[in-house]
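Comments concern the structure below.
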Amino acid sequence: MTETAEAIVVGLGASGGIIAEQLTKAGIRVLALDKGPVHTTEEFTFKQDEVKYYSRGSLVPQLATDPVTWRPDEKSTARLLPWAAGVRGNSEPLHLPPSIGPGGGTLHWGGASWRHRDSDFRMKSLIEERFGSDALDEDSTMVDWPIGYEDLEPYYDRVEWELGVSGRAGNIKGAPDPEGNPYESPRERGFPMPPLRTAAADDRFKAACQRLGYRPFQQPAAVASTDYKSLKGCEYCGFCHGFLCHVNAKQSSRITSVEAALQTGNLEIRSNSRAFRLDRDASGRRITGVSYFDAEGNVHQVRSNLVVVACYALENSRLLLASGINANGQVGRNFMTHSFGWCSVVLPEFSNPFMAPLVAASVVDDLNCDGVPDNNEGVLWGSVLTSIPGDLQPIEAAHNLPPGMRRWGQGFKDWFSENYRRLMGIHNQVPSFPSKKYYCDLDPVVKDKFGQPALRITHDWSEHDLAALRYFEKVKRAIAEEMGATQFWSEPTPPAYHLSTHEVGTHRMGENPADSVVDIFGESHECKGLYVVGGGQFPTLSGYNPTQTLQALAYLSADHILEKV
Amino acid sequence: MPAANEATKVRWVFLTETEAETVDAVCARIFPSGDGKPGARETKVINYIDRTVADEDEALRRCYRDGVTALNALTSELYGQRFAELSDERKDQVLERIEANSAVESTGAPQGPEDEGLLATFFALVWEHTIQGMFCDPQYGGNHEALGWQLVGFPGAQWGYNAEQMRPGFDSKTIPIKTLEDLRRELRRADD
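Here the protein sequences come in this chain order: A and B. Residue 565 is where the first sequence ends in the numbering used here, and the numbering goes up by one at each step. Residue 1192 is where the second sequence ends in the numbering used here, and the numbering goes up by one at each step.
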């Protein structure tokens, strides 16, 4: 007899955790399927292990079990992600899809927690108003969002207060506070926790930025600065981004939403359970359940007329395509990601970059979004610019050395033992624009061990990405010089990778069922009762990190689902 | 050079004596010793590699097996000696050629492009594992007595840092280094 569930949530990450919590608190019995394992208390407690979490990427899906292919354009043959494939030792574990298991991407994330600015929701209109209607190339598929900042403000507030975000507000109901972000759109109230203590090199960064006329402020962080609800105050161990948190200071759906949902008694979690098909009725217009493989590869089918698919922009679109839910051909289109601009500096005094979370840092937001100054370099949209004074262990540090320096021998040993303790980073991230040229579909050849087709990514860095990377490189170099850095260098541009764990857009939300995949509540236009949620809904990517916005969207979806049931 | 005596023989889980000798010689050119500070030898990187490769998949194990063979074939061709027998200067020259991916072209040795790629991949892999073996938690067999962490001033596995330690210019070498085993011991003691 086929099993039936009141609701099924696939993936218990940032979005799925929130929706599972809201549904179970309203009395709905939820069955959650997650393809990853439940991470044990032992793993959380003793996570100070760079080999396990950085070198071996133990939290993230590996290509051997979760193949993903990539090609720069349609003329090329897609290969397993070349920046992560091959014998171990040549891989970039953080340029694979994000962590799996209850907690999802919020297991490994750094905790940069941003509201989008008002302008982010109107990127297309603002670019065309300012730079002309031909500023975006003919392949552009950019659209404005179907909702605005004011629609999401109450949900951003819920993320900050229900889950826990630390920071200093810059604009409460229009009243500016120079200690906070001078560019943030108005908020109803401040943060529930004060900002974190910053890592050592941040003072120097902040002072240099102020001398250059910027208005630095502290990064809002999904890391608790004090005990708050289920979170404990951060202890600044420095094993943060890419690691589990041993004090539960880092906001992870594993310890916030999922734990709260479990306490209702209405949540059942099946880990190591891999959804492979979304089942529909004969008309194809209504969801009827989910088919999945258990750890041994046995097929199970669970019936439900409410299914929430929340397993990341990439796997969400793969699952839709593999299930044949793509009548308008829009699934997988509009792939977007960030090109990271990582720069490193060597400082004259000890910066001890291994202390504190990644986000115990300052931000320059003067050049973000439509705030990017007029320029002759073709930069249409800006980027957040952040100090990275902490969270750098030695193995990771050895992977980012000054170009031209021999990476071995006495000179390398001298340099590394002298300078590891003096490093810091400066970072920005350029949002790619949606284009007809960049999309995901099913790989025609590569399959996983269950015979399911791999996702194929077609993407390359655009002229605009390169122009923006060059522009911000100069800005970061000037800041480094003002800081008195003794060395400054950038990672190779453009990046070799095409995954940043900030992938969005592949199941775009919109009001018109002809040119979008889901509505603003995440419900499929094509198949009723099926919600496909997360960053995949984004019409455009911001210069800010995507997580808080997709968390806000998850609260919005949950409210809508509960109104209907 | 670790001598091929009984004591070392029982130490290797995966590597043969020749493989251990060769790989160890490569590691020792990546993080050399002899300046009074710990290098790959003192931190026992070769132990880390042996244990790691033993647990690895066939592709990676083959890369070590075939890489060592190809490296010694190359140095035999060039100098009539195994890699480990060369002077440090010659070892560095060989590694530089491999890194420049030009070893085959310049020697004209009868090797196909696979061998060329193999040596470059092999060296890249040994480099990765040397970095890991220098700075891993000692539970993995490398970073012996946390000497790698000591070298660079990394205090290792800490529960956290206080405001004083987080001030610019603080000398992190004043913080006692901890390993995961130290953390486990602390918790066990707290439980008692």
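Glycine is no exception: its CB is placed at the ideal position from the N, C-alpha and C atoms.
Cβ of residue i within 8 Å of any chain D Cβ
i, result
"Lys-1037/B", "No chain D is part of this structure, whose protein chains are labelled A and B."
Which listed residue (the options) has its alpha carbon closest to that of residue i
i, options, result
"His-246/A", "Gly-27/A, Asp-49/A, Gly-451/A", "Asp-49/A"
"Pro-494/A", "Pro-72/A, Asp-144/A, Val-532/A", "Pro-72/A"
"Thr-337/A", "Gln-429/A, Asp-391/A, Gln-251/A", "Gln-429/A"
"Gly-382/A", "Ala-64/A, Leu-31/A, Asp-120/A, Pro-546/A", "Asp-120/A"
"Ala-1028/B", "Leu-1086/B, Phe-1154/B, Pro-1168/B", "Leu-1086/B"
"Glu-296/A", "Val-290/A, Gly-284/A, Ser-271/A, Arg-303/A", "Ser-271/A"
"Pro-402/A", "Gln-487/A, Ser-432/A, Pro-373/A", "Gln-487/A"
"Leu-363/A", "Glu-396/A, Arg-286/A, Gln-210/A", "For the sequence presented, residue 363/A should be read as Val rather than Leu. Per the Cα distances, Gln-210/A."
"His-502/A", "Asn-171/A, Pro-546/A, Glu-523/A", "Pro-546/A"
"Thr-1018/B", "Gly-1067/B, Ala-1059/B, Lys-1091/B, Thr-1052/B", "Gly-1067/B"
"Gln-218/A", "Trp-114/A, Glu-268/A, Lys-232/A", "Trp-114/A"
"Gly-103/A", "Gly-17/A, Leu-385/A, His-427/A, Pro-434/A", "Gly-17/A"
"Gln-566/A", "Arg-422/A, Phe-293/A, Glu-418/A", "This structure gives no information on residue 566/A, because the portion of chain A shown stretches from 1 to 565."
"Leu-63/A", "Leu-81/A, Val-379/A, Lys-75/A", "Leu-81/A"
"Ile-457/A", "Pro-216/A, Pro-186/A, Ser-283/A, Leu-499/A", "Leu-499/A"
"Ala-1073/B", "Trp-1127/B, Asp-1171/B, Leu-1118/B", "Leu-1118/B"
Residues near residue i in its chain [Cβ-Cβ closer than 8 Å; skip 5 each side]
i, result
"Met-1001/B", "Residue placement at Met-1001/B is poorly supported in this model, since its pLDDT is 47, which falls under 50; the coordinates are not used for a value here."
"Ala-1195/B", "Residue 1195/B cannot be examined here, being either before or after the span of chain B that is shown, 1001 to 1192."
"Ile-395/A", "Glu-50, Val-51, Tyr-54, Ser-55"
"Val-60/A", "Pro-93, Leu-94, Leu-96, Pro-97, Pro-98, Ser-99, Ile-100, His-108"
Buried or exposed by the 16-neighbour rule on C-beta atoms within 10 Å, applied to residue i
i, result
"Leu-321/A", "buried"
"Gly-411/A", "exposed"
"Ser-516/A", "buried"
"Phe-450/A", "exposed"
"Asp-443/A", "buried"
"Asn-375/A", "exposed"
"Thr-40/A", "exposed"
"Glu-3/A", "exposed"
"Ser-133/A", "exposed"
"Thr-24/A", "buried"
"Leu-1187/B", "exposed"
"Met-405/A", "exposed"
"Glu-1114/B", "Confidence at Glu-1114/B is low in this model, with a pLDDT of 42, below 50, so the placement of that residue should be treated as unreliable; the coordinate-derived value is given next. Under this definition Glu-1114/B is an exposed residue."
"His-399/A", "exposed"
"Pro-492/A", "exposed"
"Lys-564/A", "exposed"
"Glu-1105/B", "Residue placement at Glu-1105/B is poorly supported in this model, since its pLDDT is 43, which falls under 50; the coordinates still yield a value, given next. Under this definition Glu-1105/B is an exposed residue."
Through-space distance from residue j to residue i, alpha-carbon basis
i, j, result
"Ala-14/A", "Ala-112/A", "13 Å"
"Ser-462/A", "Ala-275/A", "34 Å"
"Met-1134/B", "Ser-1033/B", "12 Å"
"Asn-316/A", "Ser-58/A", "22 Å"
"Leu-347/A", "Trp-489/A", "13 Å"
"Ile-1177/B", "Cys-237/A", "13 Å"
"Thr-1107/B", "Ser-1076/B", "Low confidence applies here, because Thr-1107/B scores a pLDDT of 45, under 50, leaving its location unreliable and the question unanswered by this model."
"Leu-306/A", "Lys-437/A", "34 Å"
"Glu-1145/B", "Pro-1138/B", "7 Å"
"Thr-1121/B", "His-525/A", "48 Å"
"Phe-1014/B", "Val-10/A", "41 Å"
"Thr-65/A", "Asp-1055/B", "17 Å"
"Phe-354/A", "Ala-360/A", "12 Å"
"Cys-369/A", "Gly-213/A", "18 Å"
"Leu-550/A", "Ile-28/A", "22 Å"
"Gln-263/A", "Ser-291/A", "27 Å"
"Gly-36/A", "Glu-43/A", "14 Å"
"Gly-174/A", "Asp-559/A", "27 Å"
"Gly-148/A", "Lys-232/A", "33 Å"
Beta-carbon proximity list for residue i, same chain, < 7 Å, skipping 5 on both sides
i, result
"Tyr-228/A", "Gly-164, Pro-192, Met-193"
"Gly-1147/B", "For clarity, residue 1147/B is Leu in the given sequence; the question names Gly instead. These residues qualify, in order along the chain: Pro-1038, Glu-1042, Thr-1043."
"Cys-1136/B", "Tyr-1048, Gly-1142, Asn-1143"
"Ile-1175/B", "Pro-1155, Gln-1165"
"Leu-380/A", "Ile-127, Phe-131, Ala-135, His-464"
Own chain partners of residue i with C-beta closer than 6 Å, once the 5 adjacent residues on each side are dropped
i, result
"Thr-506/A", "Ala-313, Ser-317, Gly-332, Phe-335, Cys-440, Gly-536"
"Glu-567/A", "No answer is possible for residue 567/A: the residues shown for chain A start at 1 and end at 565."
Residue i: CB within 7 Å of a non-hydrogen atom of the ligand MG
i, result
"Glu-235/A", "Absent from the structure shown: the ligand MG. Ligands present: none."
* Asked: Touch check for the stretch 48-62 of chain A and the stretch 463-476 of chain A: three-plus C-beta pairs under 8 Å?
  -> no
* **Cβ pair count under 8 Å reaching 3, the stretch 96-115 of chain A against the stretch 238-253 of chain A** => yes
* **Inter-stretch contact (C-beta, 8 Å, three-pair minimum) for the stretch 147-154 of chain A and the stretch 199-208 of chain A** => no
* Do the stretch 160-177 of chain A and the stretch 249-257 of chain A make contact, defined as three or more Cβ pairs closer than 8 Å? -> yes
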